[in-house]
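There are 2 protein chains.
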Amino acid sequence: MTIETAITQLRNLLDDRLSTSDAILTQHGENEAYFPATPPDAVAFPLNTAEVSEIMKICAAEACPIIAYGTGTSLEGHQLAVRGGISLDMSRMNAVLKIHAEDLDAVVQPGVTRKQLNTDLRATGLFFPVDPGADASIGGMAATRASGTTAVRYGTMRENVLALEVVLADGRIIRTGTRARKSSTGYDLTKLFVGSEGTLGIITEVTVKLQGQPEAISAATCVFPDVETAVNTVISTIQMGIPMARIELVDEVMVRGFNAYNGGDLPEKPHLFVEFHGSVNGVAEQAELFGEIVADNSGTDFKWSASAAERTALWDLRHNAYYAQKAVRKGARIQNTDVCVPISNLAEVILATKAEGESLGLLFTVVGHVGDGNFHCGICIDPDNEQEIANAAVFTRNLAMRALKYDGTVSGEHGIGMGKIKYMADEHGEALSVMIDIKKSLDPQNILNPGKMLPIN
Amino acid sequence: MTIETAITQLRNLLDDRLSTSDAILTQHGENEAYFPATPPDAVAFPLNTAEVSEIMKICAAEACPIIAYGTGTSLEGHQLAVRGGISLDMSRMNAVLKIHAEDLDAVVQPGVTRKQLNTDLRATGLFFPVDPGADASIGGMAATRASGTTAVRYGTMRENVLALEVVLADGRIIRTGTRARKSSTGYDLTKLFVGSEGTLGIITEVTVKLQGQPEAISAATCVFPDVETAVNTVISTIQMGIPMARIELVDEVMVRGFNAYNGGDLPEKPHLFVEFHGSVNGVAEQAELFGEIVADNSGTDFKWSASAAERTALWDLRHNAYYAQKAVRKGARIQNTDVCVPISNLAEVILATKAEGESLGLLFTVVGHVGDGNFHCGICIDPDNEQEIANAAVFTRNLAMRALKYDGTVSGEHGIGMGKIKYMADEHGEALSVMIDIKKSLDPQNILNPGKMLPIN
Numbered sequence: 172m173t174i175e176t177a178i179t180q181l182r183n184l185l186d187d188r189l190s191t192s193d194a195i196l197t198q199h200g201e202n203e204a205y206f207p208a209t210p211p212d213a214v215a216f217p218l219n220t221a222e223v224s225e226i227m228k229i230c231a232a233e234a235c236p237i238i239a240y241g242t243g244t245s246l247e248g249h250q251l252a253v254r255g256g257i258s259l260d261m262s263r264m265n266a267v268l269k270i271h272a273e274d275l276d277a278v279v280q281p282g283v284t285r286k287q288l289n290t291d292l293r294a295t296g297l298f299f300p301v302d303p304g305a306d307a308s309i310g311g312m313a314a315t316r317a318s319g320t321t322a323v324r325y326g327t328m329r330e331n332v333l334a335l336e337v338v339l340a341d342g343r344i345i346r347t348g349t350r351a352r353k354s355s356t357g358y359d360l361t362k363l364f365v366g367s368e369g370t371l372g373i374i375t376e377v378t379v380k381l382q383g384q385p386e387a388i389s390a391a392t393c394v395f396p397d398v399e400t401a402v403n404t405v406i407s408t409i410q411m412g413i414p415m416a417r418i419e420l421v422d423e424v425m426v427r428g429f430n431a432y433n434g435g436d437l438p439e440k441p442h443l444f445v446e447f448h449g450s451v452n453g454v455a456e457q458a459e460l461f462g463e464i465v466a467d468n469s470g471t472d473f474k475w476s477a478s479a480a481e482r483t484a485l486w487d488l489r490h491n492a493y494y495a496q497k498a499v500r501k502g503a504r505i506q507n508t509d510v511c512v513p514i515s516n517l518a519e520v521i522l523a524t525k526a527e528g529e530s531l532g533l534l535f536t537v538v539g540h541v542g543d544g545n546f547h548c549g550i551c552i553d554p555d556n557e558q559e560i561a562n563a564a565v566f567t568r569n570l571a572m573r574a575l576k577y578d579g580t581v582s583g584e585h586g587i588g589m590g591k592i593k594y595m596a597d598e599h600g601e602a603l604s605v606m607i608d609i610k611k612s613l614d615p616q617n618i619l620n621p622g623k624m625l626p627i628n
Numbered sequence: 172m173t174i175e176t177a178i179t180q181l182r183n184l185l186d187d188r189l190s191t192s193d194a195i196l197t198q199h200g201e202n203e204a205y206f207p208a209t210p211p212d213a214v215a216f217p218l219n220t221a222e223v224s225e226i227m228k229i230c231a232a233e234a235c236p237i238i239a240y241g242t243g244t245s246l247e248g249h250q251l252a253v254r255g256g257i258s259l260d261m262s263r264m265n266a267v268l269k270i271h272a273e274d275l276d277a278v279v280q281p282g283v284t285r286k287q288l289n290t291d292l293r294a295t296g297l298f299f300p301v302d303p304g305a306d307a308s309i310g311g312m313a314a315t316r317a318s319g320t321t322a323v324r325y326g327t328m329r330e331n332v333l334a335l336e337v338v339l340a341d342g343r344i345i346r347t348g349t350r351a352r353k354s355s356t357g358y359d360l361t362k363l364f365v366g367s368e369g370t371l372g373i374i375t376e377v378t379v380k381l382q383g384q385p386e387a388i389s390a391a392t393c394v395f396p397d398v399e400t401a402v403n404t405v406i407s408t409i410q411m412g413i414p415m416a417r418i419e420l421v422d423e424v425m426v427r428g429f430n431a432y433n434g435g436d437l438p439e440k441p442h443l444f445v446e447f448h449g450s451v452n453g454v455a456e457q458a459e460l461f462g463e464i465v466a467d468n469s470g471t472d473f474k475w476s477a478s479a480a481e482r483t484a485l486w487d488l489r490h491n492a493y494y495a496q497k498a499v500r501k502g503a504r505i506q507n508t509d510v511c512v513p514i515s516n517l518a519e520v521i522l523a524t525k526a527e528g529e530s531l532g533l534l535f536t537v538v539g540h541v542g543d544g545n546f547h548c549g550i551c552i553d554p555d556n557e558q559e560i561a562n563a564a565v566f567t568r569n570l571a572m573r574a575l576k577y578d579g580t581v582s583g584e585h586g587i588g589m590g591k592i593k594y595m596a597d598e599h600g601e602a603l604s605v606m607i608d609i610k611k612s613l614d615p616q617n618i619l620n621p622g623k624m625l626p627i628n
């Protein structure tokens, strides 16, 4: 029972689709977070579900760790082979298997990326709404319960995955859910695997909901004197029930980063970036109501993005927050973290977080999908400054604890991965033991992404 | 280890809140479906979570079955004590614990009914949208993943439960989820318990989402020459993305029942009952679009319910379908069943179902939450006619198999209970073994609602 034996057998099965080349191992050991490079022992590139099942059986027989790999865009180290073993790169299982335009759903292989799916959907008048920024794979997005800028309107992967095909730890293949919009038949295994971070099974097919392209789309930016007025605008907007398609907070530090990154000249004050979807009249009505709330909260400088190109530029800018964060402080390492709280607590939590960060002498951005109560801090750390690294750790921990104190969660969308295992007991208490029971029941050898999410051996 | 010993100990704990009176046992052994009366050995009336935990510990020590009981309105026999034991009547845990109007959520004990909650919400301008017809308890609705007429707009209990408190089979108390709108931290236990039909734990607290009362509400009925044109109208409406709040199919047999039940004079043809929620302009726009689709599909006799009282009367009528079904055929026993399919298959499935029912000589209604692809057949059976009973069984089985053949599910909202265990393997295949693994892991003695949902001893 060794990883070496597993690799030998996998090479027999996969031939040159099992790689141990340095370049490939290195690539699969990197991450966009702050974890040290951690290459796997080998990378497998399966072509279909049956092959994933065969790979899984070999790994089960050899107790070899196996980690599903999408696009590697996790911010909490989900894809790292911390106990060695096989990185299962799903990028060659990237077919859009079926688009049921009339039912507003699509069946895809896990390696399909969200942009690829949306390109395939162009002729249908439909789109896949979940948008975490990165062009992540649908399988990875399902596994991490991804969300992003449009979740306030269209939900997260939790709401947008109808059905899955999954290979279990012993190689068995199961299907969860159906294309029916609702069901009351048995445990909701689809929702159990969505967000399980590769620890319960390998997702080999995903059925997602689609949305009709809205008749009208309108986007805008507006400026606030401080974060509090910006957040209060968001709170009022959500409480009024205005169906925002996107409502993003960008604080003054982030704006500075955007300007440095793309040479723009946005006022270096907190902004909201918003988007409305609906009928022509509906969008106009929403925009007018929102405008009134903005004005009531001292917001100014309403700028509309009239064309599709301007809107794309706006959201591209927002999605490039990571690179813009790097522009805030040259040479800095960016440590991103996120939490989510009930919206009535959002202003208080953000203000307390900003105050603590400043008292710790940290330079950081605050951006967020604030319509859901979800926000991110991107701390710009001098990688050679031990004190700063230590302060960032204090800041991150206190932010997580603050979220819990305010009835929230330690991650709205980045997930647990390696980074937040230490908070699982704080958030879940005794319920964590139920998660561990389920994990042990479905993966008794702990070969599926070991060392992630759950504090077990 | 006996039920008798458990009862003795429970009486010590609960005194007169443990009942073995004939009247109480009989009441808790009845059902609104077609199952024989099945009284439990005793009924316990807990007052709080700590007491549920104590009760659970006693039952665990004595391997005594325990069945949570809400309002007894299940249509698949969920609440019946088929292996004896304790019926745990949650009706005295009926406090609305907290309304967070600013966060659009409420925390309630499981015995709170949906109408009770909505009464409590009146002053807030908010409402709890899930509406299965019966004034069911929120705990029961969560346990059965209830939905109903408004699910097409607001989702089912799956989408509307944010967090739970649950007592496990060994008496441990856990909390799942938080009041944050989204989270990526760990397995989605909330969704695992929602719809678990009391087989994994006892729900002792539910945090639900609330909605703002729409500025404008408008309801209408319209008439179609046949079921096909009515269903095609629904399909076009959903595909157009019109955000219907309700869109209900009522076939000509059901209309006959309504007329017989309340002395009305609706044309005895298929109807759609619809409702629009939104701004004044938004509702007008939706209604106009919908009107065009209706006309395109030969729909006529558009009748608007102008006042709130008329709307209430319309939906009360719809909710009284069960009694109206009884009016279709005097002395009949009504056997209700439901399935759900992708909407593009809805017309074909309904037409095949009607054709088969007629060829079997059955008298039955078709009503449904057709915007979700979900419909119900209410078969009016002469309880003394063996052939009819046998034909109804064939009809129900073939309907379930037809739903699966058309990418659907054997129940959209009634659940599995006792009635549909026999289809679990057909629908879930190998995934059923995962459900059983989870059940065994969390309830190794199978004391939580044994004999329901899962085909295990």
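Heads up: the sequence lines are chains X and C, in that order.
For the first sequence, the residue numbers in our numbering are 172 to 628.
For the second sequence, the residue numbers in our numbering are 172 to 628.
No residue lacks a Cβ here, since even glycine has one placed at the ideal position from N, Cα and C.
- Excluding the 5 residues flanking it on each side, X:ILE464 has same chain C-beta neighbours closer than 6 Å at THR404, SER407 and THR408, in chain order.
- Non-local beta-carbon contacts of C:ASP487 in its own chain, meaning distances under 6 Å to residues more than five positions away in sequence, are absent.
- Within chain C, the residues placing a beta-carbon under 9 Å from that of X:ALA322 are ARG352 and LYS353, ordered along the chain.
- DSSP, read as helix, strand or coil, puts C:MET415 in strand.
- Boundaries around X:THR567 are those of the alpha helix (DSSP H), 557-576, since no beta strand (DSSP E) includes it.
- Using a CB distance cut-off of 8 Å, C:TYR432 does not count as an interface residue toward chain X.
- Residue ranges of uninterrupted alpha helix (DSSP H) with 4 or more members, entirely inside the segment 441-475 of chain X and ordered along the chain, are 451-467.
- For the set C:ALA294, C:ASP341, C:THR361 and C:PHE429, the Cα lying nearest the Cα of C:GLN384 is the one of C:ALA294.
- X:PHE429 sits in a helix when the DSSP states are folded into three classes.
- For the segment 399-420 of chain C, residues whose beta-carbon sits nearer than 7 Å to a beta-carbon of chain X comprise GLN410 and GLY412.
- In the pairwise beta carbon analysis, the segment 342-357 of chain C is classified as touching the segment 495-512 of chain X: at least three pairs are separated by under 8 Å.
- Looking at X:VAL499, X:LYS380 and X:ASP422, the one whose alpha-carbon comes closest to that of X:THR400 is X:ASP422.
- C:ASP359 belongs to the set of residues whose beta carbon lies under 8 Å from a beta carbon in chain X.
- Between X:ASN331 and chain C, the shortest Cβ-Cβ separation is not below 8 Å.
- DSSP places C:LYS380 in the uninterrupted beta strand (DSSP E) bounded by 373-380.
- Contact between the segment 409-418 of chain C and the segment 516-534 of chain C is absent, with fewer than three C-beta pairs closer than 8 Å.
- In terms of Cβ geometry, C:MET595 and C:GLU368 do not form a close pair [threshold 8 Å].
- Rounded to the nearest whole angstrom, the CA to CA distance from X:PRO626 to X:LEU251 is 16 Å.
- Per DSSP, the beta bridge partners of C:VAL267 are C:VAL279.
- At least 8 Å separates the CB of C:ASP212 from every CB of chain X.
- By the criterion of at least three beta-carbon pairs nearer than 8 Å, the segment 437-453 of chain C is in contact with the segment 386-396 of chain C.
- Annotated as distal: C:VAL499 and C:GLY434, with beta-carbon spacing of 8 Å or more.
- Beta bridge pairing from DSSP links X:VAL537 with X:CYS548.
- Nearest to X:GLY532 by C-alpha distance, out of X:VAL267, X:ILE560, X:ASP341 and X:ALA484, is X:ILE560.
- Contact between C:ILE521 and C:VAL398 is confirmed by a C-beta separation of about 6 Å, below the 8 Å threshold.
- With 16 or more other Cβ atoms inside 10 Å of its own Cβ, X:ASP543 counts as buried.
- With a beta-carbon spacing of about 6 Å, C:ARG263 and C:GLY282 fall inside the 8 Å limit used to define contacts.
- Interface flag for X:ALA313 against chain C is unset, since no Cβ pair is found closer than 8 Å.
- Excluding five sequence positions before and after C:ALA458, the CB atoms of its chain that fall closer than 8 Å to its own CB belong to SER389, ALA391 and PHE447, given in chain order.
- Bridge partners of C:GLU336 according to DSSP: C:ARG346 and C:GLU376.
- In the structure shown, X:PHE364 falls within a helical segment according to DSSP collapsed to helix, strand and coil.
- Residue nearest to C:THR209 within the set C:THR179, C:SER258, C:ALA232 and C:GLU222 is C:SER258 (criterion: CA-CA distance).
- Under the DSSP assignment, C:THR483 falls in the alpha helix (DSSP H) whose first and last residues are 479-490.
- Within its own chain, the residues whose Cβ lies closer than 6 Å to the Cβ of X:PRO300, once the five positions on either side in sequence are excluded, are THR321, TYR325 and GLN382, listed in chain order.
- Taking CB atoms only, C:MET606 has a neighbour in chain X less than 8 Å away.
- Ranked by how close their Cα comes to the Cα of C:ILE178, the residues C:CYS235, C:THR375 and C:MET606 have C:CYS235 in first place.
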